[in-house]
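**Student:**
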Amino acid sequence: MRKYNAFMAAGVLALAVGTGTAADITGTATFKGTPPAEVPIAAVKENPDCGKFHNTTPTTHHYVVGPKGEFANVVVYLESPSISGKSTGESAPPVLLDQQGCEYSPAIFAVQTGQKITVKNSDPVPHNVHDKPTVEGNKEMNNLQMPGSADLTFTFTKPEMFLKFQCDVHPWMFSWVSVFDHPYFAVTGPDGTFKIANVPPGKYIIHAEHRKAGKPKQEIEVKEGVNAQVSFTFPAD
Numbered sequence: 016m017r018k019y020n021a022f023m024a025a026g027v028l029a030l031a032v033g034t035g036t037a038a039d040i041t042g043t044a045t046f047k048g049t050p051p052a053e054v055p056i057a058a059v060k061e062n063p064d065c066g067k068f069h070n071t072t073p074t075t076h077h078y079v080v081g082p083k084g085e086f087a088n089v090v091v092y093l094e095s096p097s098i099s100g101k102s103t104g105e106s107a108p109p110v111l112l113d114q115q116g117c118e119y120s121p122a123i124f125a126v127q128t129g130q131k132i133t134v135k136n137s138d139p140v141p142h143n144v145h146d147k148p149t150v151e152g153n154k155e156m157n158n159l160q161m162p163g164s165a166d167l168t169f170t171f172t173k174p175e176m177f178l179k180f181q182c183d184v185h186p187w188m189f190s191w192v193s194v195f196d197h198p199y200f201a202v203t204g205p206d207g208t209f210k211i212a213n214v215p216p217g218k219y220i221i222h223a224e225h226r227k228a229g230k231p232k233q234e235i236e237v238k239e240g241v242n243a244q245v246s247f248t249f250p251a252d
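16 is the number of the first residue of the sequence shown in the numbering used here; add one for each residue after it.
1. Between which two residues does the alpha helix (DSSP H) harbouring residue 61 extend?
2. DSSP beta-bridge partners for residue 181?
3. So the candidates are 182, 163 and 123; which of them puts its Cα closest to the Cα of residue 146?
4. If you draw a straight line from the C-alpha of residue 133 to the C-alpha of residue 148, how long is it?
5. Would residue 72 and residue 55 qualify as a contact pair, given that the criterion is a beta-carbon distance under 8 Å?
6. Please classify residue 106: does DSSP put it in a helix, a strand, or coil?
7. Per the DSSP calculation, residue 168 is bridged to which residue(s)?
8. Check residue 227 in the structure and name its three-state DSSP category.
9. Could you say which of 249, 232, 74 and 214 lies nearest to residue 243 if we only look at CA atoms?
10. Sorted by chain position, which residues of the same chain lie with C-beta nearer than 6 Å to residue 109's C-beta, five sequence neighbours on each side aside?
11. Looking only at its own chain, which residues have a Cβ that is under 7 Å from the Cβ of residue 100, when we skip the five neighbours before and after it?
12. With three or more C-beta pairs closer than 8 Å as the rule, is the region 162-178 touching the region 43-54?
13. The beta strand (DSSP E) that contains residue 124, what's its start and end?
14. Would residue 48 and residue 206 qualify as a contact pair, given that the criterion is a beta-carbon distance under 8 Å?
15. Which same chain residues end up closer than 6 Å to residue 225 when comparing Cβ atoms and leaving out the 5 residues on each side of it in sequence?
16. What number of angstroms, rounded off, separates the C-alpha of residue 59 from the C-alpha of residue 187?
17. Using the three-state DSSP reduction, which class does residue 83 fall into: helix, strand or coil?
18. Taking the straight line between their C-alpha atoms, what separation do you get for residue 235 and residue 118?
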């Protein structure tokens, strides 16, 4: 993984909005250059249960990049002592992790500590849902989930980046969740954009982390009633 040791140089644009103290941070993640080629997963097509879901051999999807460099699956989040430990996860709606076509969906997502993750099996084949935390205090579980069976529920109590879900039955199946102890984070969509809403005024470090492409960061100040825009660029090797 590429290492970023200095703050990323990028413009921050402030936009005046209506009255109120909180503001939104919106922005983009862009991949510059040609992303690494994805790898075909022959085992999916060859599997007697899963191959029927795919007309062609699926590939990895580490780098989801649009025609203009729009970079998806980047986890963007704020860092500051003023927001640490301010999780509202117990009252937040559950986040769905589904199993479709012998793949996890979404591949990258984020939740708060205490927020429920509902895991569903939409396939007509059995799956095994196995979370693999690396931070002490986050519980590891390993559950067989049959077709049509009840949803599973996971919650995590400690912040952790890219905590892995895997299926031990189908070893190509992975999903990664990032867990925060505050609600000020987002994941870029297919258009490379993100929005972190209702941010209290203050100074923050804003991070943009991708599992493979690096983790740039920059400083940002949110002022009362003033929205901000931020851009991140990830260069190819």
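Here a beta-carbon is modelled for each residue, glycine too, at the ideal position from N, C-alpha and C.
**Tutor:** So, from the listed chains and residues:
1. 57-61
2. 145 and 189
3. 182
4. Using only the alpha carbons, I get a separation of about 17 Å.
5. yes
6. helix
7. Paired residue(s): 133.
8. coil
9. 214
10. 131 and 133
11. Excluding sequence neighbours, residue 100 sits near 196.
12. no
13. Going by DSSP, residue 124 is part of the beta strand (DSSP E) stretching over 123-127.
14. no
15. 89
16. 8 Å
17. coil
18. 37 Å
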